[in-house]
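Visitor: Right, I'll just put the structure down here and ask away after.
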Amino acid sequence: AVQPGRAIMLMTLVTRSSRVGEQPTLFVIGGKSVSEASEAGGWLDPLAEAITRSLGMALVDVAWRRRRGALHIVVTIDKPGGVTLDDCEQVSQRLEQALDAQDRIGEYSLEVESPGLDRTLRSQREFQYFRGREVEVTTYAPVEGRRHFVGTLEGLEGGRVVITAADGRRHEFPREQVARAKLLVRL
């Protein structure tokens, strides 16, 4: 039996691996959920940001979607030297306490993860966080006769993904024309 008002703890642990294609470090806690996903962004992002910073980590992304009637929240964190399972657990526990204290929530599941080695970049926050890293950009249609570009990520500027190639050429792609922008891992 579960006590009313208490979260059911569901944990999925995946060990961190340095091999390309491996899953990122992950810690999942099931609990209560925000009533409306669109409402959540207004207070969930700053809440997650404050918690990760207080623990000496960076917030890379916050994403959410409905899953079986509950809101599934995915918080991606990072820190120099990489994220450990203990880091994910600390953020998960602190964020769950804060979400429960907000008193705006019903069913939710919370997942805290590391970015992984070859992360696909989706949010504006990710494009800013990973500035200076090598990325591979794939466009929907050919640009300058090709669809694949590799370079150093300069970020998002005016709605355009900007990279600088190894030869120094600067490439800019309207974000809506980018099929995928992914961190590049060279071993």
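FYI, my numbering numbers position 46 of the sequence shown as 38, with every residue one higher than the one before it. Where a beta carbon is used, it is the ideal one built from N, C-alpha and C, also for glycine.
Rounded to whole angstroms, what is the Cα-Cα separation between residue 37 and residue 178?
Guide: As a working note, residue 37 is residue 45 in the sequence shown. As a working note, residue 178 is residue 186 in the sequence shown. Computed Cα separation, rounded: 32 Å.
Visitor: For residue 182, does the count of other Cβ atoms within 10 angstroms reach 16, so buried, or fall short, so exposed?
Guide: Residue coverage of the chain in this structure runs from -7 to 179, which leaves residue 182 outside it and unanswerable.
Visitor: Please classify residue 143: is it buried, with 16 or more other beta-carbons within 10 angstroms of its beta-carbon, or exposed?
Guide: Counting from one through the sequence shown, the residue named residue 143 turns up at place 151. Classification for residue 143: buried.
Visitor: Could you tell me the alpha carbon to alpha carbon distance between residue 91 and residue 131, rounded to whole angstroms?
Guide: Translated into the one-based positions of the sequence shown, residue 91 becomes position 99. Translated into the one-based positions of the sequence shown, residue 131 becomes position 139. Answer to the nearest angstrom: the Cα atoms are 38 Å apart.
Visitor: Is it true that the CB of residue 47 sits closer than 8 Å to the CB of residue 75?
Guide: For the purposes of this step, residue 75 is taken as residue 83 along the sequence shown, with counting starting at 1. For the purposes of this step, residue 47 is taken as residue 55 along the sequence shown, with counting starting at 1. It is not a contact, given that the beta carbons lie outside the stated cut-off.
Visitor: Just confirm the distance between the C-beta atoms of residue 66 and residue 99, as a whole number of angstroms; I'd bet it's less than 8 Å.
Guide: In the sequence shown, residue 66 corresponds to position 74, counting from 1. In the sequence shown, residue 99 corresponds to position 107, counting from 1. 16 Å between Cβ atoms; not a contact.
Visitor: Taking the beta carbon of residue 103 as the centre, do at least 16 other beta carbons fall within 10 Å, making it buried, or is it exposed?
Guide: Residue numbering aside, residue 103 sits at position 111 when the sequence shown is read from its first letter. Burial call: buried.
Visitor: Runs of 4 residues minimum, wholly inside the segment 77 to 109: which ones carry the alpha helix (DSSP H) assignment?
Guide: Runs found: 77 to 94.
Visitor: Pull up the DSSP beta-bridge partners for residue 52, would you.
Guide: Taking the sequence shown and counting its residues from 1, the one referred to as residue 52 is at position 60. None, per the DSSP bridge assignment.
Visitor: Cβ of residue 120 within 8 Å of Cβ of residue 147?
Guide: Taking the first residue of the sequence shown as position 1, residue 120 is located at position 128. Taking the first residue of the sequence shown as position 1, residue 147 is located at position 155. Cβ distance < 8 Å, so residue 120 and residue 147 count as in contact.
Visitor: Which residue marks the beginning of the beta strand (DSSP E) containing residue 119, and which one marks its end?
Guide: Residue mapping note: residue 119 aligns to position 127 of the sequence shown, counting from 1. Premise fails: residue 119 lies in the alpha helix (DSSP H), 116 to 121, not in any beta strand (DSSP E).
Visitor: Given that a residue counts as buried once 16 or more other Cβ atoms are within 10 Å of its Cβ, and exposed if not, what is residue 108?
Guide: Stepping through the sequence shown from its first residue, residue 108 is reached at position 116. The residue in question, residue 108, is buried, as its Cβ has 16 or more Cβ neighbours within 10 Å.
Visitor: Let's test the definition: count the other Cβ atoms within 10 Å of the Cβ of residue 184 and tell me whether it reaches 16, buried, or not, exposed.
Guide: Nothing can be reported for residue 184: it is not among the residues displayed for the chain, which extend from -7 to 179.
Visitor: Going by DSSP, which residues form a beta bridge with residue 45?
Guide: As a working mapping, residue 45 is identified with position 53 in the sequence shown. Residue 45 is not bridged to any residue.
Visitor: Would you report the Cα separation of residue 40 and residue 53, rounded to the nearest angstrom?
Guide: For the purposes of this step, residue 40 is taken as the residue at position 48 of the sequence shown. For the purposes of this step, residue 53 is taken as the residue at position 61 of the sequence shown. The straight-line gap from Cα to Cα measures roughly 9 Å.
Visitor: Just how far apart, CA to CA, sit residue 136 and residue 164?
Guide: Here residue 136 is taken as the residue at index 144 of the sequence shown, counted from 1. Here residue 164 is taken as the residue at index 172 of the sequence shown, counted from 1. If you take the alpha carbons of residue 136 and residue 164, they lie about 11 Å apart.
Visitor: For residue 105 and chain C, any beta-carbon pair shorter than 8 Å?
Guide: The displayed structure is made up of one protein chain only, and chain C is not part of it.
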